[in-house]
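**Student:** Residue numbers (this note's numbering): 3 to 472.
Built from N, CA and C at the ideal position, the CB exists for glycine as well.
This structure is in structure tokens; I'll ask about it shortly.
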């Protein structure tokens with residue numbers, strides 16, 4: 003009887019695919035192709051969707067667009083949302099053994115990759131239809147709706163192929179990581195230096211706003227605290243502090259001594275990241291909060307537009323003019339926009355913080371169990387690799403017991419820490435958001451490691467033979 007994933011094989015054959023380069027490309031050429039892909043991403047981020055006359059109403063993705071590298075009203079409306087969501091779903095299905103697949107088998111690995119691409123297109127179609135039917139682009143006739151749907155799907159396909167091109171060796175790293183880092187960095191640069199005048203009649207950029215405020219004699223307090231969630235001096239200071247703290251935490255490790263039985267008992271150490279689950283729980287929490295706001299908005303528009311239904315009000319109430327959440331679960335899953343917002347409604351800040359911490363810890367535990375990072379899974383991998391902990395027998399049960407001292411506490415603690423970073427950033431109005439800073443620092447760390455490795459490979463060609471690379 004064929005496995006479930008094998009039933010999709012006929013469909014996956016028709017999907018476009020990027021071929022790997024015949025030989026390893028020089029670092030200079032890979033950087034060139036990476037720059038080309040990044041330039042295409044920025045161009046698509048500036049091309050408006052053809053057929054829409056204007057963006058009206060509340061944008062439920064406003065505070066989370068950094069996660070999807072998206073930009074409202076452009077070809078990048080969906081961003082990498084379908085790619086990220088499809089990847090997380092497939093990872094959970096494989097990690098939890100719902101899909102039986104061996105990723106060490108080249109055929110299974112190719113089938114997994116093709117299935118993930120198919121899932122990306124399916125999710126892209128679902129998101130596109132939801133946006134159109136949910137009124138994100140206003141009232142559209144059937145022909146314009148179809149045309150916008152096609153634009154979003156073609157963009158999703160192009161992004162998917164650009165990501166595949168980078169990952170298959172034409173570029174460096176991952177297209178998804180590249181787009182996220184580029185989008186967040188662009189947002190942080192804009193909010194720091196923008197010369198555009200904001201809705202408060204002041205410069206949008208935090209540095210220009212601070213200079214404008216101080217030179218006009220409005221005082222330091224006005225420079226520190228700015229209403230309406232606009233970038234401020236406080237936000238800039240908090241951003242720098244969080245950047246330094248996240249960089250420090252990314253480099254913190256808990257080391258477990260081991261011996262390598264295959265190599266005459268050579269001693270070494272396994273470094274466990276202090277932020278064991280990294281930013282994964284924040285990504286899941288962000289997606290959950292977004293889904294809550296979208297569903298609440300759809301229910302409100304269809305059944306409770308006057309905010310008179312007591313039960314539906316618990317899900318979410320919205321301002322009839324701006325469509326922004328003003329009550330219910332939708333309101334409490336929306337992050338506060340800076341210090342002035344916290345001062346106006348401290349209850350909102352407290353409930354939002356509690357929900358974020360609970361969700362982050364919950365998703366941390368789920369992710370560790372489902373993705374093969376649990377003590378049991380790690381113990382089996384260590385023993386299978388011929389590694390053992392000095393003073394103990396090479397038994398999965400014994401190694402699991404030792405890892406249980408470290409992994410569960412690290413899982414919960416890292417979930418709390420990343421949530422607190424995001425909360426502090428949101429409450430104090432950090433530029434780029436705390437979640438965005440977490441992501442961009444992690445991605446920059448990855449690229450730094452890859453660049454160092456690539457330079458070593460080019461300087462010492464013998465390393466390519468030792469690692470089996472051509």
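Taking the alpha-carbon of residue 375 as reference, which of 360, 351, 397, 402 has the nearest alpha-carbon?
**Tutor:** It is 402 whose Cα lies nearest to the Cα of residue 375.
**Student:** Could you give the uninterrupted runs of the alpha helix (DSSP H) lying entirely in the stretch 314-341, keeping only those of 4 residues or more?
**Tutor:** Complete alpha helix (DSSP H) runs here, min 4: 330-334.
**Student:** Could you compute how far the alpha carbon of residue 193 sits from the alpha carbon of residue 34?
**Tutor:** Rounded to the nearest angstrom, the two C-alpha atoms are 28 Å apart.
**Student:** State the beta-bridge partners of residue 274 as determined by DSSP.
**Tutor:** Residue 274 is bridged to 256.
**Student:** For the alpha helix (DSSP H) containing residue 350, name the first residue and the last one.
**Tutor:** First-last of the alpha helix (DSSP H) with residue 350: 348-372.
**Student:** Residue 328 to residue 151, Cα distance in whole Å?
**Tutor:** Computed Cα separation, rounded: 31 Å.
**Student:** Could you check if residue 198 is buried or exposed, using at least 16 other CB atoms within 10 Å of its CB as the buried criterion?
**Tutor:** The residue is exposed, with fewer than 16 neighbouring Cβ atoms inside 10 Å.
**Student:** Under DSSP, the alpha helix (DSSP H) around residue 165 begins and ends at which residues?
**Tutor:** That run of the alpha helix (DSSP H) goes 144-167.
**Student:** Residue 186 lies in the alpha helix (DSSP H); which residues open and close that run?
**Tutor:** Element bounds for residue 186: 177-195.
**Student:** Report all residues from its chain with a CB closer than 6 Å to the CB of residue 286; omit the five preceding and five following residues, and keep chain order.
**Tutor:** Excluding residues within five positions, the ones whose Cβ falls inside 6 Å are 365.
**Student:** So, does the stretch 117-132 touch the stretch 75-89, judging by three or more C-beta pairs under 8 Å?
**Tutor:** The stretch 117-132, when compared against the stretch 75-89, does touch it at the 8 Å Cβ threshold.
**Student:** Just mark residue 3 as buried or exposed, buried being the case when its beta carbon has 16 or more other beta carbons within 10 Å.
**Tutor:** Low local confidence applies: a pLDDT of 49 at residue 3 is under 50, so the model's placement there is unreliable, with the coordinate-based value given in what follows. When all chains shown are included, residue 3 counts as exposed.
**Student:** Specify the secondary structure class of residue 474 as computed by DSSP and reduced to three states.
**Tutor:** This structure gives no information on residue 474, because the portion of the chain shown stretches from 3 to 472.
**Student:** Please state the DSSP three-state secondary structure of residue 490.
**Tutor:** Because the chain spans 3 through 472 in this model, residue 490 falls outside it and cannot be assessed.
**Student:** Assuming residue 155 and residue 126 form a contact by the criterion Cβ under 8 Å, report the distance between their Cβ atoms to the nearest whole angstrom.
**Tutor:** Confirmed, Cβ separation roughly 6 Å.
**Student:** Going by other Cβ atoms of all chains shown within 10 Å of its Cβ, with 16 needed for buried, is residue 148 buried or exposed?
**Tutor:** It is exposed - the Cβ of residue 148 has fewer than 16 other Cβ atoms within 10 Å.
**Student:** List the whole-angstrom C-beta distance separating residue 426 from residue 440, where the pair is believed to meet the contact cut-off of C-beta under 8 Å.
**Tutor:** With a Cβ gap of about 12 Å, residue 426 and residue 440 do not count as contacting.
**Student:** Between which residues of its own chain and residue 134 is the CB-CB distance below 8 Å, once the five residues before and five after are set aside?
**Tutor:** Cβ within range, chain order: 142, 147, 150, 151.
**Student:** Would you mind sorting residue 308 into buried or exposed? The rule is 16 or more other CB atoms within 10 Å of its CB.
**Tutor:** Answer is exposed; the Cβ neighbour count stays below 16.
**Student:** Distance, Cα to Cα, residue 442 vs residue 187?
**Tutor:** Cα to Cα, residue 442 sits roughly 8 Å from residue 187.
**Student:** Going by DSSP, which residues form a beta bridge with residue 413?
**Tutor:** In DSSP, residue 413 forms no bridge with anything.
**Student:** Take the Cβ of residue 45 as the centre, count every other Cβ of all protein chains shown within 10 Å, and call the residue buried at 16 or more, exposed below.
**Tutor:** The residue is exposed, with fewer than 16 neighbouring Cβ atoms inside 10 Å.
**Student:** Exposed or buried, residue 114, counting other C-beta atoms within 10 Å across all chains shown (16 or more means buried)?
**Tutor:** So residue 114 counts as buried.
**Student:** Give the DSSP-derived three-state secondary structure of residue 269 in the structure shown.
**Tutor:** The answer is strand: DSSP assigns residue 269 an E or B state.
**Student:** Using a Cβ-Cβ cutoff of less than 8 Å, which residues in the same chain neighbour residue 385 once the five nearest sequence positions on both sides are dropped?
**Tutor:** If we look at residue 385 and ignore the five residues flanking it on each side, its Cβ neighbours are 396, 397, 398, 401.
**Student:** According to DSSP, is residue 23 part of a helix, a strand, or is it coil?
**Tutor:** DSSP places residue 23 in coil when its eight states are reduced to three.
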